[in-house]
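In our numbering, the protein residues as written are 66 to 460.
Here a beta-carbon is modelled for each residue, glycine too, at the ideal position from N, C-alpha and C.
Note that the structure is predicted; figures quoted are calculated from it, not measured.
These notes concern the structure reproduced below.
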Ligand SMILES: Cc1ncc(COP(=O)(O)O)c(C=O)c1O
């Protein structure tokens, strides 16, 4: 089956964060929303059908996750990443962000140092700060348009830190960390008994020509210091179903995490979340390969458009995710001016780079998981606004 990602779908009045909260977030209800990380594509038919089939049964009482749900996850990991996982290692969380917070609370103490690598997905910061742990920035380095980890600094920080929250692949800079990079990280973790929470929610969104490496598979000696978080939500556009997995091989660590979480009684989840997750992992390969090709073409489209029509915007080529990290610093605007200009003049809603912490100054994140016509509209609107600005400044 050939899927049609060019189809425009009206998402307004569906309680969509991306569309229906524009009036609050951007103070402009008609801004073209290219921000929050969900897709404007249809959730695939095989997932919708599985949900509709279950919804047709008239009772939505208490449910548990069946064997077939776990088997679908296990098979997916084996096939996609050659990662052998056992059922007992897989725990449920109503989202990866909640799971990050659970891990911080269950495995660290107030005052502990927790390392994050900005610019990075901003809920990492709150997961540390809101629980009175100390945020330690191991800011990424950028050279010739490519980001890397500052290992020299990390070696120092790891002496006293208790935990590192890794974004693998990295949102927003789009790196799919290499085996060498992850091996170096694993060595630091081992040497310092540093617990690593590897957020791998974007693992399936590694773009053609790149590869995802599961951090837990890098070094078997790491087992007692590694927790992996994963979900079908980003990959198959299911974020509204709030379902994710936490994978912990080491029994002691799993027990520690689970004791905390089970006391909160949040592991029931949502019946439709597990139906959708199972359907995604049982049937998703073909759809995923098609959507990744479409996203990859969208990324190439942005790259060509900017090179041709807005060369002052520096494009950081992503290896993974459907977000592009764009550098607007050549325009010399403050972050506030840039944000206001893009909302009010270009009429597009992007994520401000500064929200992703140090290193985000002058940047914006654009979401390209949308039909190409919508992407073109956003880019043209941005080009027209900058053309107008140049014109006004020259007059
Ligand atoms: C790195 C990362 N982790 C977690 C999430 C969200 O996870 P969830 O919706 O399962 O809480 C996102 C969403 O953009 C993300 O980019």
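For residue 379, name the three-state secondary structure that DSSP assigns.
strand
Contact test: residue 266 Cβ vs ligand 1 heavy atom, cutoff 7 Å
yes
Selection from 382, 261, 377, 390 that minimises the alpha carbon distance to residue 448
377
Report, in whole angstroms, the separation of the C-beta atoms of residue 26 and residue 184, which I expect to be a contact under 8 Å.
The question about residue 26 has no answer, for the chain in this structure spans 66 to 460.
Do residue 250 and residue 214 have their CB atoms nearer than 8 Å?
yes
Local conformation of residue 86 per DSSP, three classes:
coil
Out of 111, 87, 217, which has the shortest C-alpha to C-alpha gap to residue 66?
111
For chain D, check one thing: does any of its Cβ atoms lie closer than 8 Å to the Cβ of residue 81?
The structure shown has no chain D; it contains just one protein chain.
Quick one: what's got a C-beta closer than 6 Å to residue 101's C-beta in the same chain, skipping five residues either side?
82, 83
The alpha helix (DSSP H) that contains residue 459, what's its start and end?
437-459
Just curious, the beta strand (DSSP E) that residue 432 is in, first and last residue?
428-432
Beta-carbon proximity list for residue 98, same chain, < 7 Å, skipping 5 on both sides:
83, 84, 87, 414
By how many angstroms is the C-alpha of residue 256 removed from the C-alpha of residue 226?
12 Å
Distance between beta carbons of residue 426 and residue 400, contact taken as under 8 Å:
6 Å
Can you tell me where the alpha helix (DSSP H) holding residue 124 begins and where it ends?
Element bounds for residue 124: n/a, residue is neither H nor E.
Name the DSSP bridge partner or partners of residue 211?
208
Hey, residue 301 and residue 334: beta-carbon distance below 8 Å or not?
no
Looking only at DSSP bridge pairs, what is residue 157 linked to?
310
Pop quiz: residue 283 and residue 228 are said to be a contact at Cβ under 8 Å. What is the actual Cβ separation, rounded to whole angstroms?
Contact doesn't hold; Cβ gap of about 17 Å is too wide.
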